[in-house]
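A.B. asks: Heads up: the sequence shown begins at 1 in the working numbering, then just goes up one per residue. In this text, a Cβ means the ideal position worked out from N, Cα and C, and glycines have one as well. Below are the structure tokens for one structure; questions will follow.
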Amino acid sequence: MAGSMAKTAAVAFSIFLNGLTPSDSERSKASSHRESISSKLDAKFGVYRMFESGSFKHGTGVSGHSDVDFFVSLKSNRPSLSDSTLSAVRSALQERFPYTHIHVSRPAVVLEFGQGYERVEVIPAYAKERVTDKEVMKFNIPGVVDEWMESTPEAHLSYVNSCNSNPQGGAKELARLAKAWKYYRNVPISSFYLEMRAAQYMDGETFIDYAQDLKRFLERLQGHELASMNDPTGYTGRIHACSSDVKRADALSKLDTAATRATKALDEHKSGNERKAFEWWDLLFNGEFPAYY
1 MAGSMAKTAA VAFSIFLNGL TPSDSERSKA SSHRESISSK LDAKFGVYRM
51 FESGSFKHGT GVSGHSDVDF FVSLKSNRPS LSDSTLSAVR SALQERFPYT
101 HIHVSRPAVV LEFGQGYERV EVIPAYAKER VTDKEVMKFN IPGVVDEWME
151 STPEAHLSYV NSCNSNPQGG AKELARLAKA WKYYRNVPIS SFYLEMRAAQ
201 YMDGETFIDY AQDLKRFLER LQGHELASMN DPTGYTGRIH ACSSDVKRAD
251 ALSKLDTAAT RATKALDEHK SGNERKAFEW WDLLFNGEFP AYY
């Protein structure tokens, strides 16, 4: 992290990843609002269940940037347009938390507690069907525009965990590095997309070399041109990288720059010029990577 120092790439990435990992207090502060949120939504819509999902649950969150995500399975009838549900949920929560900034950021309603430092995302969901052979529940959640899309959060958690089974936990660490790049460089790309791509990249791998695999992963994203991907669990449809063509163009431009910097860093690292390699990694992560000494 900024202000930290290291002598080798291995130590630097270890320090960096440790600093990126959210603390227990970050999670507990945001989660402390769970009961109040659940009670309000239950009174307004009826709630079958509310459970945590997303980066914190998956172990891929980034300190200071990732939110605590809650799936809320509602009992009310699902309207044809998802915007109606998002607006209704936002209004209900604004009644309960009148002094909290609450806004819609698809597919969620976002509550910014503690002057924005404790962010909670509430994803309204309607149970669709249970895949009985795997005990996986499918939900409809708000889509990119105003449609509904399928989601199987429990299946995605199982997939990330299975791809993270090597001794180093490579899938979650690679996802955290990719998300750090996204946040530090303001890249308009879906965190969920990066997580699924990282897990897919590490599926079956038994070892991770951060310097090399980060570069290869960014190049893999380039090769895909941030195209939508098939759900690797096979339960839902396509997973989109960006919410619009304009954002995709911006993300691709920043991805090209990132891949170039990661390549130059790896080349310098292999040549034994660690100081120069650190400088390229620091550019990649916008001044947040540990310094060389």
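#1: Does the count of Cβ pairs from the region 149 to 162 and the region 95 to 106 closer than 8 Å reach three?
#2: Going by C-alpha distance, which of 19, 234, 18 is nearest residue 136?
#3: Can the beta-carbon of residue 73 be found closer than 9 Å to that of residue 49?
#4: Taking only the alpha-carbon atoms, compute the straight-line gap between residue 7 and residue 244 and give it to the nearest angstrom.
#5: Below 8 Å, how does it come out for the region 177 to 190 and the region 249 to 260: are there three or more Cβ pairs, yes or no?
#6: Evaluate contact between the region 235 to 242 and the region 200 to 212, counting only Cβ atoms and requiring at least three cross-stretch pairs below 8 Å.
#7: With H, G and I counted as helix, E and B as strand and the rest as coil, what does DSSP make of residue 53?
#8: Buried or exposed for residue 9, going by 16 or more other Cβ atoms inside 10 Å?
#9: Pop quiz: residue 24 and residue 82 are said to be a contact at Cβ under 8 Å. What is the actual Cβ separation, rounded to whole angstroms?
#10: Identify, in the order they occur along the chain, each residue of the same chain with its Cβ nearer than 6 Å to the Cβ of residue 276, setting aside the five sequence neighbours on each side.
#11: My understanding is that residue 258 touches residue 284, with C-beta atoms under 8 Å, so please give their C-beta distance in whole angstroms.
#12: Assuming the contact rule is C-beta atoms closer than 8 Å, residue 120 and residue 67 should be a hit. Round their C-beta distance to whole Å, please.
#13: Alpha carbon to alpha carbon, what distance is there between residue 193 and residue 22?
#14: Could you tell me which residues DSSP pairs with residue 126 in its beta bridges?
#15: Below 9 Å between beta carbons: does that hold for residue 102 and residue 69?
#16: Would you give the residue range spanned by the beta strand (DSSP E) that residue 103 belongs to?
#17: Near residue 92, what residues of its chain come up, given a Cβ to Cβ distance below 7 Å and the 5 sequence neighbours on each side ignored?
#18: Out of curiosity, what's the CA-to-CA distance linking residue 260 and residue 175?
#19: Using the Cα positions of residue 29 and residue 112, report the straight-line distance between them to the nearest angstrom.
#20: Hey, residue 171 and residue 163 are a contact pair by Cβ (cut 8 Å); roughly how many whole angstroms apart?
#21: Helix, strand or coil: how does DSSP classify residue 11 here?
#22: Along the chain, which unbroken stretches of the beta strand (DSSP E) at least 3 residues long are found entirely within the region 30 to 102?
#23: I need the straight-line Cα distance from residue 228 to residue 222, nearest angstrom please.
#24: Starting from the C-beta of residue 46, find all residues in its chain whose C-beta is less than 7 Å away, skip the five residues before and the five after it, and write them out in chain order.
#25: Output needed for residue 184: all residues of its chain with C-beta closer than 7 Å, excluding positions within five of it in sequence on either side, in chain order.
#26: For residue 18, which of helix, strand or coil comes out of DSSP?
#27: Using beta-carbon positions only, say whether residue 211 and residue 255 come within less than 9 Å of one another.
#28: So which of 220, 290, 34 has the shortest CA-CA distance to residue 110?
#29: Buried or exposed: where does residue 230 fall if 16 or more other Cβ atoms within 10 Å of its Cβ makes it buried?
#30: Taking 6 Å as the limit between beta carbons, can you name the residues of its chain near residue 195, skipping five residues before and five after?
#31: Using 10 angstroms around the beta-carbon of residue 117, count the other beta-carbons present and answer buried if the total reaches 16, otherwise exposed.
#32: What separation, rounded to the nearest whole angstrom, lies between the Cα atoms of residue 281 and residue 149?
C.D. replies: Judging by the given coordinates:
#1: no
#2: 234
#3: yes
#4: 42 Å
#5: yes
#6: no
#7: strand
#8: buried
#9: Actually they do not touch by this definition, with Cβ atoms about 33 Å apart.
#10: 268
#11: 6 Å
#12: 6 Å
#13: 20 Å
#14: 140
#15: no
#16: 101 to 105
#17: 40, 41, 44
#18: 19 Å
#19: 12 Å
#20: 4 Å
#21: helix
#22: 47 to 53, 68 to 74
#23: 13 Å
#24: 74, 75, 76
#25: 285, 286, 288
#26: helix
#27: no
#28: 34
#29: exposed
#30: 60, 175
#31: exposed
#32: 37 Å
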